[in-house]
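Going by my numbering, the sequence shown opens with residue 3, and the numbers climb by one from there.
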Amino acid sequence: MNRVAGISFRTSKIIGRKIFHYLRVTSTQDKAKKFAEKGFPEGTIVIAETQTLGKGRLGRRWVSPRGGIWVSVILRPEIAAMEAPKMTMIGSLAVAKAIAELTGMEVKVKWPNDVLIPAIAGGPFKKVCGVLTEMVLGAGRVSYIIAGLGINVNNRIPPALRPKAISLKDAMGRTVAKQKLLRRALEKFDRYYLEFKKKGMAPIMKEYKGMSAVLDKEVEIECPEKIIRGKALDIDEYGALIVQTGGGRKRVIAGDVTILSKV
Ligand code: BT5
Numbered sequence: 003m004n005r006v007a008g009i010s011f012r013t014s015k016i017i018g019r020k021i022f023h024y025l026r027v028t029s030t031q032d033k034a035k036k037f038a039e040k041g042f043p044e045g046t047i048v049i050a051e052t053q054t055l056g057k058g059r060l061g062r063r064w065v066s067p068r069g070g071i072w073v074s075v076i077l078r079p080e081i082a083a084m085e086a087p088k089m090t091m092i093g094s095l096a097v098a099k100a101i102a103e104l105t106g107m108e109v110k111v112k113w114p115n116d117v118l119i120p121a122i123a124g125g126p127f128k129k130v131c132g133v134l135t136e137m138v139l140g141a142g143r144v145s146y147i148i149a150g151l152g153i154n155v156n157n158r159i160p161p162a163l164r165p166k167a168i169s170l171k172d173a174m175g176r177t178v179a180k181q182k183l184l185r186r187a188l189e190k191f192d193r194y195y196l197e198f199k200k201k202g203m204a205p206i207m208k209e210y211k212g213m214s215a216v217l218d219k220e221v222e223i224e225c226p227e228k229i230i231r232g233k234a235l236d237i238d239e240y241g242a243l244i245v246q247t248g249g250g251r252k253r254v255i256a257g258d259v260t261i262l263s264k265v
């Protein structure tokens with residue numbers, strides 16, 4: 003039994019109503035999925051100190067040693083499948099705002115699922131957090147979504163990932179209060195999620211766009227079947243990126259973005 007206790011989110015209305023905290027799991031996504039299947043309510047979260055098989059998008063691995071925040075949230079929004087990317091945006095915005103408030107750093111969100119911070123002041127931005135949203139459908143609608151947040155806090159980044167990835171500890175030059183950041187990020191997630199339920203995506207989208215690393219930039223997007231190159235013009239109400247290419251405007255739903263012009 004490796005479950006541990008000791009965290010509560012009294013200020014949250016939904017996110018963190020029920021908390022499962024483990025020392026080690028394969029992936030918090032898989033644990034959360036099991037709880038969702040058992041009928042646990044939305045807002046249930048699964049936190050682990052380490053993951054042995056942390057997941058990124060498209061079957062990629064997420065390196066998750068001790069010292070980072072690895073957490074998955076069960077959501078049951080009443081939305082259609084094509085709206086699921088909105089949950090990724092809410093998650094990354096919540097983390098970005100929490101990091102900015104706690105560290106004073108300039109933080110950016112990189113469509114579709116990354117949070118970036120500067121490696122050194124004025125230097126290149128690197129990935130400090132990745133968000134993974136997985137959905138399960140029932141009758142064409144979303145039955146539930148598992149939103150996974152992976153934040154590099156005090157953990158070591160393997161050398162192979164260092165050109166693009168960074169921890170808060172490395173960026174700040176000191177250990178960062180992990181529990182405080184976790185609490186702040188989940189409180190923000192809670193607030194944005196409630197706002198989404200009440201008012202829809204528009205106010206959140208405005209904040210998200212204000213922190214975007216890609217808008218107005220020349221980008222190259224690696225999609226599953228093609229590469230799209232052009233200027234990132236906008237993010238639409240469903241969370242798709244609108245790109246002006248040589249061959250006209252394209253609407254991109256997902257992909258890996260490389261920013262060609264300076265962030
Ligand atoms: C993501 O995928 O960025 C989503 C990561 C989500 C992780 C959380 S942790 C809690 C929950 N439980 C899980 O099992 N997953 C979620 P993607 O955009 O596909 O990025 C994956 C790529 O980022 C990898 O192929 C590596 O190149 C790189 N990478 C791996 N570990 C990293 C890390 N700790 N920090 C930064 N980059 C990393």
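Glycine included, C-beta positions come from ideal geometry on N, C-alpha and C.
- The ligand BT5 has no heavy atom closer than 6 Å to the beta-carbon of leucine 183.
- In the assembly as shown, glutamine 181 is an exposed residue. Its beta-carbon has fewer than 16 other beta-carbons within 10 Å.
- Taking the Cβ of leucine 134 as the reference point, at least one heavy atom of the ligand BT5 falls within a distance shorter than 6 Å.
- Separation of the CB atoms of alanine 96 and phenylalanine 37 is rounded to 21 Å, and the pair is thereby denied contact status at 8 Å.
- The alpha-carbon of glycine 56 is positioned some 38 Å away from that of glycine 249.
- Taking 6 Å as the cut-off, one finds at least one heavy atom of the ligand BT5 near enough to the beta carbon of asparagine 154.
- Burial check for methionine 84: the Cβ neighbour count within 10 Å stays below 16, so the residue is exposed.
- Remark: the shortest separation between the CB of glycine 69 and any heavy atom of the ligand BT5 does not fall under 6 Å.
- DSSP, reduced to helix, strand and coil, places proline 87 within a helical segment of the structure shown.
- Take the alpha-carbon of valine 75 and the one of glycine 150: they are about 6 Å apart.
- Put simply, the segment 58–76 touches the segment 118–136. At least three CB pairs are less than 8 Å apart.
- Straight across, the Cα-Cα distance linking isoleucine 255 with alanine 242 is about 5 Å.
- Under DSSP, phenylalanine 191 takes part in no beta bridge, so it has no partner.
- Counting only residues of its own chain and dropping the five nearest sequence neighbours on each side, arginine 186 has a CB closer than 8 Å to the CB of Ala100, Glu103, Leu104.
- Of all alpha-carbon atoms in Gly18, Gly152, Ile16, Ala50, the one lying nearest the alpha-carbon of arginine 26 is that of Ala50.
- Looking at the backbone, the Cα of glutamate 189 and that of glycine 152 are separated by about 16 Å.
- The Cβ atoms of isoleucine 81 and valine 144 lie closer than 7 Å to each other.
- The Cβ atoms of threonine 28 and threonine 54 sit closer than 7 Å to each other.
- Taking a cut-off of 8 Å on C-beta distances, the segment 167–179 touches the segment 106–121, as three or more cross pairs fall below it.
- Within the model, the alpha-carbon separation for tyrosine 240 versus alanine 86 is close to 8 Å.
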